[in-house]
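The structure appears below as structure tokens.
Structure (structure tokens):
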């Protein structure tokens with residue numbers, strides 16, 4: 005099992021959106037953080053399943069770590 009980085013951002017309306025840098029076009033949006041993460045997990049799994057069914061190569065995750073940096 006591979007782990008893909010997913011970025012979750014708050015949108016202008018107070019909801020959340022997410023995307024995966026290693027999986028172009030895979031994204032999700034929801035009213036809550038938890039729902040957004042759940043929908044994104046489903047989107048990633050669905051996308052990878054489709055890649056496998058098509059006989060294509062599953063992308064290798066390229067991110068080796070993530071940090072949050074506070075700045076003034």
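In the numbering used here, the protein residues as written are 5 to 76.
From the three backbone atoms N, C-alpha and C, an ideal C-beta is built for every residue, glycine too.
**OP:** Let me know if residue 22 comes out buried or exposed under the rule of 16 or more other beta-carbons within 10 Å of its beta-carbon.
**Re:** buried
Original post:
Going along the chain, which residues of its own chain have a beta-carbon closer than 7 Å to the beta-carbon of residue 12, five neighbours each way excluded?
Top reply: 20, 22, 37, 40, 41
**OP:** Could you tell me which of 73, 74, 72, 52 sits nearest to residue 28, measuring between CA atoms?
**Re:** 52
Subject >> In chain order, each alpha helix (DSSP H) run of at least 4 residues that lies wholly inside the segment 27–69 >> reply: 37–57
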